[in-house]
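Chains as they are written, first to last, in our numbering: chain V, 443 to 1099; chain W, 274 to 477; chain S, 27 to 512. Below is one structure, written out as structure tokens; comments come after it.
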């Protein structure tokens, strides 16, 4: 569109970077208004330009090239480059839009906070990192973005650093991500070892040829491609909070709600999904990896949803919901329905961000009260929040016609059609998950907005709708939550929307099989077809069942939950303890590492190295020295004698007649 | 056995005996005299080798100069005999062992092929009129002039060093300096002072 | 017998010798206040000798005096180095001896004769000449050690040096005579050819070799023939120590080169293991005992022993790189040693000898400039980059690694680490300890201060010229190994 699209591409992340630096370093000088103005301006520019790029890509102008070569080491060039195709353009648009919404929202949410400018600086920096990640055309930049978003997540979770729980949560997030990053880095190293380059195009071009190379592993043969995919997936597990590296996401709710919306719903956690989709040329060549992705995703989807049932903190519910939905996306990727996974990513970004921001709106209205047991009956005082929350919930549970319906349905169908090992289990898990999702979502709605108000008198009197900077983003997010699904259903899933950016091998192509079920319909007819079909499919029944059950539990017979808890105490206990993951990690890894470290310090370092090696050698040398110096007696005849002895020894040693 | 061989064995025995006496005898003067004997016998051995210049020089330098100096010092210094004798027994075993082993090793070395009759044939005796001294002189001043000059330098250094280390001018000793005496002038010694005539005290 | 002898190559020696005699006589007539004339004449002589040697520097060897005198690149390098170092030594020593009543013309004469001896040794191509040069040097050194005749310490040191030196010289003579017996000649060139024709395990050859080697070890101060070094360095007045610790070491290297490499190179297989023993023991014992010393001069003496051990590493490598590394090491060491003892002179005054380690305490607070100079010198001796001491050690270690003696290199470096302790202790005393009470300020003559500063800073400032210097050393060594065309 513009003459030099390269400048546009560079401007998108750089504007956020510049704004972040200015707000961060000169925050005090430019004041609160200055900080939020410049960052919002920057993100708005990024969003506008992302739209421009999006349109440009739809016209067929793609870009893959490097803009700066950092160095060449061992024949491998390390560059900064951009790959602008359908996938990255979509991600850019989503990331910048949600970020813009969150920026505006923050004006209201963090109104009283002393670290106002710092917060804006952080979230713009985060936006920059995420954009660099999705725009990258090589593994190095991907890794840079990967680490950078991890860092920003750490800084933002621990934003209120005087809270000990916040610090602990931020460390937990960072460390768990580190474990994932280890696998990620090993995967990148394997890529370099196998392909000799970090550039996507080189790697993807060489992938089919290298598909058969394998090495022996634990008695069997494993292909290099499988190893790479699995290692990269470990990184995705960390970043996208899949079981067993999911433990950090619920704790990340310690951070302010805007970032829960931005990072832990819409963008950062989706980096793993994005990465697997981007690496589709590699994953397609390894059925083992695809199976693993699918199964792990399924486990996450179902079991995390179950935990959401018993949470009292409103944000925790949404957090576990996010975990579960991320699992859905992974399942889609595992079933080679990459487009479906990305589609769900996009729709989920909108409605999950919406739900988080709505929850945030409630929280500030109740003066930072997060426990749902102290809420209730808020639909009258906060109508806009309530309405948008309902829209978000309907989208989440997959009410036919709303955004989430199309994406979730596609996933379930695709899994059903997949023939990979583990697809059966995955299908059951995602289907059952629909029920659970509906249940906890409506539970949240009912507990928060319906029923008798359970908060104290003081708060009840003051509760009112949040300021416009808070509800305008909610409305703006609600719109795509309704429409995005319908709008994009056909092009994303059945059309060639993603084009070359997602590669699917014919034998895995579940979406094609899905499309085959609706052979003639297109456009609105297709949509109507799917909606109607949806109304009579199991997921819809399940969601209805779930919502009805929630209504029963929380509106009709509020005393039921307690009775169930008492009856099924054990199960409840397990769910409350989040399956014991945290405790296990704490004992085995955290405490274990500390013990080993302590032992190594006390014995290894202090005793062995300091005591024996360092001080010990010094002592020995000093002792030897004070002993040997007595040879120098001062008597000449001793000296002469020593010389004679030396001569004599040399003679004896070397004269061999 | 020829006369030469007999002479060699006799003088060699005397040398060894004298050397042993030097280190064992108590009286230092006697030890010095035994050393003189050792040198003289060694000179005689060299005479049998037709090295008469070296033999004479040995006697002149070693006996005449060095041993005389030794005897001067021994007689001038007040040496405590008993203190010197101490410690001798301590070192005898080890020292003796080392000495014996060294002799054995030298014997081993000297009994090798390189020192046998074939490699080192006995030199023929020279004709009458052969002057060892003349030959040495001829070589020394032409072929070996460079080392000769350096040797002369060493002697010069010895003199300078000896003087630098020992010459002292004691402040208390009175000595004459003829040069100064001769260069004295009248004005340094005599000063004419004008004084008024003195009157006698009483008029008688 | 040649009738016409080419005296031109020997002009430096002749100049120095003649001037020494001139100064001897001039000094007789000069009054005490005009002693500086002798000093100036001596410095001029040394400068002129250096220039002549520099002028006649060429890679082609010239033989004269019936093949007893060789003027090749090595001899020129040694002569220039010796004259230059002695030049600096005299600048250091002058004020020192003046304050102690030792300021006599004989001092300069003896030094000049010692220089003649060293130059003779450098140009020697004949066993006899080598021996005579060695004796000339040694005699002058004995006297210089004993020069402070009122000091019992100095006299004792001189006695020990003399007795042990006589023993060493005797051994050299004995070894040389055995070699003469085997080869039938005293000319080093001819000896080399004769030895080349003999089998290596010839018992008598080894016998003679051992004696020669022992006396060389004595001259350098290698263990177990090192016993004289600490006592002599300590007992002699520092003005003498600064001389015997620097220039004669260079000359010692000269005789090692001429004898072991010029003459007995073919016996390398035999003497290599002997030199390994010598160098290992020197590095080990030198460094170990130095730790226990509290007297700075003794400590520097033991460090000299260890440095000689390092230098011998280069010799035993047996390659041109090794020999050139050893030469470079000796030159660097001479410079370092000059500075080390020079520092002691700078810190001393009339009646006070600054040779205890405790005298260095708190030097940084008293006079930061001198503390800095001493630190540069200590750092260079310890072999820490980027000083020349480091490059010297580096080249020597590289040489022995090239011949696959990696274990030796490892041991040497380990002991160098041990040795770094006492150098760093000096730095610690200067910078981290408070000065003793009532310590007077430091006065030194201006020329002394300038030279001291230049000397210490040369440790780092010579960095750009290390390459050229090493190339010169390589040329010098190559001329000994190859040039036997006469």
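Even glycine gets a Cβ: it sits at the ideal position worked out from N, Cα and C.
- Excluding its 5 nearest sequence neighbours in each direction, residue 562 of chain V has C-beta neighbours in its own chain below 6 angstroms: 465, 477, 478, 481, listed in chain order.
- Under the Cβ criterion of 9 angstroms, residue 488 of chain S is not counted among the residues facing chain W.
- The beta-carbon of residue 419 of chain W is placed less than 9 angstroms from the nearest beta-carbon of chain S.
- It is roughly 35 angstroms from the alpha-carbon of residue 224 of chain S to the alpha-carbon of residue 288 of chain W.
- For a Cβ distance threshold of 7 angstroms, residue set 1096, 1097 of chain V lies close to residue 232 of chain S, ordered along the chain.
- In the DSSP assignment, no residue is bridged to residue 1075 of chain V.
- In this structure the stretch 784-793 of chain V lies against the stretch 527-546 of chain V, because at least three pairs of beta carbons, one per stretch, are closer than 8 angstroms.
- For residue 382 of chain W, the nearest CB of chain S lies under 9 angstroms from its own CB, placing it at the interface with that chain.
- Annotation for residue 780 of chain V: 719, 722, 944, 946 place their beta carbon closer than 7 angstroms to its own, counting only its chain and skipping 5 residues before and after.
- Under a criterion of Cβ atoms nearer than 8 angstroms, no residue of chain S is adjacent to residue 338 of chain W; the nearest Cβ is some 17 angstroms distant.
- For the stretch 78-105 of chain S, the set of residues with a beta-carbon nearer than 8 angstroms to any beta-carbon of chain W comprises 91, 92, 94, 95, in chain order.
- Within the same chain, and ignoring the five residues on either side of residue 1018 of chain V in sequence, the residues whose Cβ sits closer than 6 angstroms to its Cβ are 752.
- Taking 9 angstroms as the cut-off, the Cβ atoms of residue 438 of chain S and residue 339 of chain S count as close.
- Using a C-beta cut-off of 8 angstroms, the stretch 863-874 of chain V makes no contact with the stretch 803-822 of chain V, since fewer than three inter-stretch Cβ pairs fall below that distance.
- Separation of residue 1083 of chain V and residue 508 of chain S (C-alpha to C-alpha, rounded to the nearest whole angstrom) is 39 angstroms.
- If the five residues before and after residue 313 of chain S are omitted, its C-beta is found closer than 6 angstroms to the C-beta atoms of 332, 441, 444, 445, all from its own chain and listed in chain order.
- Taking residue 377 of chain S as the centre and dropping the five residues before and after it, the same chain places no C-beta closer than 6 angstroms to its C-beta.
- If you look at residue 491 of chain S, you'll find it isn't in any alpha helix (DSSP H); DSSP assigns it neither H nor E.
- For the C-beta of residue 173 of chain S, the chain W residues within less than 8 angstroms are, from N- to C-terminus, 437, 438.
- Nearest in C-alpha terms to residue 544 of chain V, of all of V:531, V:568, V:766, is V:568.
- Contact between residue 213 of chain S and residue 93 of chain S is confirmed by a C-beta separation of about 6 angstroms, below the 8 angstroms threshold.
- Between the alpha carbons of residue 846 of chain V and residue 682 of chain V lies a gap of roughly 19 angstroms.
- Under the three-pair Cβ rule at 8 angstroms, the stretch 368-376 of chain S counts as touching the stretch 463-475 of chain S.
- Distance from the CA atom of residue 96 of chain S to the CA atom of residue 279 of chain S, rounded to whole angstroms, is 16 angstroms.
- When the beta-carbon positions are compared, residue 694 of chain V and residue 595 of chain V come within less than 9 angstroms of each other.
- Only residues of its own chain outside the window of five on either side were considered, and among them 1023 have a CB closer than 7 angstroms to the CB of residue 686 of chain V, listed in chain order.
- For residue 300 of chain S, the closest Cβ of chain V is nearer than 9 angstroms.
- Boundaries of the beta strand (DSSP E) around residue 97 of chain S: 95-97.
- Annotated three-state conformation of residue 57 of chain S is coil, per DSSP.
- Per DSSP, residue 390 of chain S is one residue of the alpha helix (DSSP H) stretching across 389-392.
- Relative to the Cα of residue 133 of chain S, the nearest Cα in the group S:146, S:480, S:430, S:119 belongs to S:119.
- Neighbours of residue 43 of chain S in chain W, taken as residues whose beta carbon is under 8 angstroms from its own, are 426 in chain order.
- In the structure shown, the three-state DSSP call for residue 522 of chain V is strand.
- One alpha carbon belongs to residue 511 of chain V, the other to residue 674 of chain V, and they sit about 24 angstroms apart.
- A contact is defined here as three or more CB-CB pairs under 8 angstroms, and the stretch 111-128 of chain S fails this definition with respect to the stretch 77-85 of chain S.
- Straight through space, the alpha carbons of residue 41 of chain S and residue 52 of chain S are spaced by roughly 16 angstroms.
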